[in-house]
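In UniProt numbering, the protein residues as written are 1 to 317. All C-beta atoms, glycine included, are put in the ideal place defined by N, C-alpha and C. Nothing here was measured: the structure is a model prediction, and the numbers come from that model.
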């Protein structure tokens with residue numbers, strides 16, 4: 001009686017050798033991907049993550065010049081926060097920051113959009129005039145502030161002299177020395193600085209809108225305002241969002257321009273959260289209070305960023 005035994009299928013050595021290769025290839029691919037990302041991650045942790053955490057910790061410490069040199073900065077709970085929030089100047093600075101940011105964004109965006117639409121038309125010296133408008137954006141903000149301080153001087157400023165020449169009766173307007181006009185003057189200067197950025201970004205967005213849509217609207221008899229409202233604005237919405245977000249982030253923390261123009265005065269009428277942080281930290285040397293105001297600025301920016309991301313997410317659905 002013979003018995004037959006089933007032989008196990010032979011496994012090819014080549015198949016055994018090939019099985020781990022896809023896994024090794026995936027590991028190499030992941031390592032190479034992390035290799036490209038790692039420098040950016042390290043940069044963010046060193047230059048953004050650590051200062052942010054350190055600023056938050058400092059806001060809960062008694063951090064003064066003496067404690068800085070002896071290396072002892074004891075925690076004092078929420079004393080710094082209470083001192084800042086109970087100060088009337090903080091409320092004024094917060095309100096001035098809101099007015100300054102909103103006023104600057106409205107002026108920069110409105111004029112920038114108007115100029116962007118204007119320069120989409122072809123006419124002689126179009127490129128030359130666009131390059132001239134870029135000059136305020138290229139000049140350092142401190143330099144712009146110093147120049148405008150001379151222009152807006154009450155006694156020797158060019159602007160008041162110009163009004164005198166025209167007989168408009170504005171020869172001695174205290175643009176920067178009156179508490180009721182200083183913030184308005186600073187906003188106007190910041191609008192002048194921010195117009196080129198808005199114009200350039202919006203102009204680039206307008207160039208991406210298909211010309212066929214405008215031709216079709218013209219054949220349908222749509223007015224210029226109807227065309228702008230129904231075609232230009234909807235298609236320009238992503239670019240508008242980017243412009244407003246970047247404008248908000250750069251405007252809400254402005255320091256150098258205000259220091260060059262008014263140094264937060266007169267009578268704290270142009271004091272913002274940015275200048276208050278500087279005053280607390282580097283003038284009064286109260287680093288804990290300065291860290292508190294800085295954290296408030298970071299929190300405002302974070303809240304704005306969250307609303308922006310959620311709005312974009314809801315539009316994408």
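Taken through DSSP and simplified to helix, strand or coil, residue 68 comes out as helix. Distance from the CA of residue 30 to the CA of residue 53, rounded to the nearest whole angstrom, comes to 30 Å. In the DSSP assignment, no residue is bridged to residue 271. Secondary structure at residue 284: coil, using DSSP grouped into helix, strand and coil. Pairwise C-beta distances place the segment 142 to 156 in contact with the segment 250 to 262, as three or more of them are shorter than 8 Å.
Classified as buried, residue 58 has 16 or more neighbouring CB atoms from the shown chains inside 10 Å of its CB. With a threshold of 16 other beta carbon atoms within 10 Å, residue 106 falls short and is exposed. The C-alpha of residue 128 lies about 44 Å from the C-alpha of residue 283.
By the criterion of at least three beta-carbon pairs nearer than 8 Å, the segment 180 to 199 is in contact with the segment 101 to 120. Counted as a single uninterrupted DSSP element, the alpha helix (DSSP H) harbouring residue 101 occupies residues 88 to 119. With fewer than three CB-CB distances shorter than 8 Å, the segment 197 to 210 does not count as touching the segment 171 to 185.
Looking at 274, 72, 80 and 270, the one whose alpha-carbon comes closest to that of residue 60 is 80. Relative to residue 62, the option among 48, 239, 43 and 83 whose CA is nearest is 83.
In this structure the segment 221 to 239 does not touch the segment 156 to 163; the number of beta carbon pairs closer than 8 Å is below three. In the three-state reduction of the DSSP assignment, residue 75 falls in the strand class, which pools E and B. Spatial neighbours of residue 68 in its own chain (CB-CB distance under 8 Å, excluding positions within 5 residues in sequence) are listed in chain order as 287.
For residue 134, there is no enclosing alpha helix (DSSP H), as DSSP gives it neither H nor E. Note that the C-beta distance between residue 245 and residue 203 is not below 8 Å. Taking the CA atoms as reference points, residue 44 sits about 27 Å from residue 137. Sequence-distant Cβ neighbours of residue 213 in its own chain, meaning closer than 7 Å and more than five residues away, are 231. Sequence-distant partners of residue 174 (beyond 5 residues in either direction) whose C-beta falls short of 8 Å from its own C-beta, in its chain, are 154 and 181. Rounded to whole angstroms, the separation of the alpha carbons of residue 300 and residue 99 is 14 Å.
If you ignore the 5 residues before and after residue 177, its C-beta comes within less than 7 Å of the C-beta of 154 and 266, all in its own chain and listed in chain order. For residue 207, the enclosing alpha helix (DSSP H) starts and ends at 182 to 207.
DSSP places residue 61 within a strand segment (E or B) once states are collapsed to three. In the structure shown, residue 299 adopts helical secondary structure according to DSSP, grouped into three states. Annotation for residue 257: the continuous alpha helix (DSSP H) segment containing it runs 256 to 261. Taking the Cα of residue 139 as reference, the smallest distance to any Cα among 38, 257 and 64 is reached at 257. Non-local beta-carbon contacts of residue 276 in its own chain, meaning distances under 6 Å to residues more than five positions away in sequence, involve 93 and 293 in chain order. In the structure shown, residue 122 falls within a coil segment according to DSSP collapsed to helix, strand and coil.
Annotation for residue 148: the continuous alpha helix (DSSP H) segment containing it runs 141 to 151.
For residue 225, the uninterrupted alpha helix (DSSP H) run begins and ends at 224 to 227, by DSSP.
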